[in-house]
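A quick write-up on the structure given underneath.
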């Protein structure tokens with residue numbers, strides 16, 4: 331029994347489950363609901379992003395997943411052994427890892443700043459006590475459009491990562 335690998339797998343799997351689940355929940359349920367509610371969603375989105383720090387929590391879980399995954403990859407690949415990398419499992423784990431890393435970078439560089447800006451903007455609108463002014467409404471629309479398209483890419487990358495991580499050892 332290798333305690334190091336067991337602990338890495340526990341961190342990798344638990345953080346990954348949270349990351350993927352939270353991402354799917356946000357992009358398939360929270361974001362469309364917030365859009366449908368319009369200005370009424372402002373307090374909720376502001377609280378979720380500014381007070382509860384959901385974007386930072388998701389990015390942290392993603393970071394733990396990626397770091398633990400890279401350490402596992404190093405161990406399982408025998409230090410990047412070329413024969414293993416060219417094997418079915420090696421190719422499966424490599425494509426899955428690259429998909430997860432792509433989703434992580436996308437989340438860190440694009441999604442998190444846009445979600446945080448949306449939350450801050452919602453707080454500004456709520457503090458004004460009225461509906462969004464034209465500039466705020468235009469920015470909300472721009473953020474929503476960007477998040478929707480990037481969110482789809484992110485969910486696709488995470489789906490590829492999860493599926494390949496689940497089946498790679500059988501390839």
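Numbering (my numbering), first residue to last: 331 to 501.
Positions of the beta carbon are idealized from the N, C-alpha and C atoms, including for glycine.
Just so we're clear, the structure is a prediction, and the values are computed from it rather than from any experiment.
For residue i, which residues in the same chain have their Cβ closer than 6 Å to its Cβ, ignoring the five residues on either side in sequence?
{"i": "residue 352", "result": "388"}
{"i": "residue 440", "result": "480"}
{"i": "residue 378", "result": "384"}
{"i": "residue 338", "result": "398, 401 and 402"}
{"i": "residue 493", "result": "none"}
If distances are taken between C-alpha atoms only, which option among the options comes closest to residue i?
{"i": "residue 402", "options": "420, 469, 416 and 432", "result": "420"}
{"i": "residue 386", "options": "497, 500 and 443", "result": "443"}
{"i": "residue 477", "options": "495, 461, 437 and 427", "result": "437"}
{"i": "residue 429", "options": "346, 459 and 463", "result": "346"}
{"i": "residue 418", "options": "501, 409 and 427", "result": "501"}
{"i": "residue 306", "options": "498, 462, 349 and 445", "result": "Nothing in the structure corresponds to residue 306, since the chain is present only between 331 and 501."}
{"i": "residue 361", "options": "482, 458, 431 and 498", "result": "482"}
{"i": "residue 445", "options": "356, 366, 338 and 344", "result": "356"}
{"i": "residue 365", "options": "497, 499, 475 and 498", "result": "475"}
Skipping 5 residues on each side, what residues in its chain have a beta carbon closer than 8 Å to that of residue i?
{"i": "residue 415", "result": "407, 421 and 424"}
{"i": "residue 363", "result": "371"}
{"i": "residue 340", "result": "none"}
{"i": "residue 431", "result": "396"}
Suppose the cutoff is 7 Å on Cβ atoms and the five residues either side in sequence are ignored; what does the same chain contact list for residue i look like?
{"i": "residue 433", "result": "484, 487, 488 and 491"}
{"i": "residue 447", "result": "473"}
{"i": "residue 342", "result": "395, 398, 399 and 402"}
Which whole-angstrom value describes the C-beta separation of residue i and residue j, a residue pair presumed to lie in contact below a C-beta threshold of 8 Å?
{"i": "residue 456", "j": "residue 372", "result": "5 Å"}
{"i": "residue 375", "j": "residue 452", "result": "4 Å"}
{"i": "residue 358", "j": "residue 405", "result": "Not confirmed; about 34 Å, so no contact."}
{"i": "residue 409", "j": "residue 495", "result": "The pair is not a contact, with the Cβ atoms about 20 Å apart (cut-off 8 Å)."}
{"i": "residue 380", "j": "residue 450", "result": "7 Å"}
Flag residue i as yes when its Cβ comes closer than 6 Å to any non-hydrogen atom of the ligand GDP, and as no otherwise.
{"i": "residue 437", "result": "Ligands in the displayed structure: none, and consequently the ligand GDP is not present."}
Exercise. Does the pairing of the region 390 to 399 with the region 457 to 474 give three or more beta-carbon distances under 8 Å?
Worked result: no
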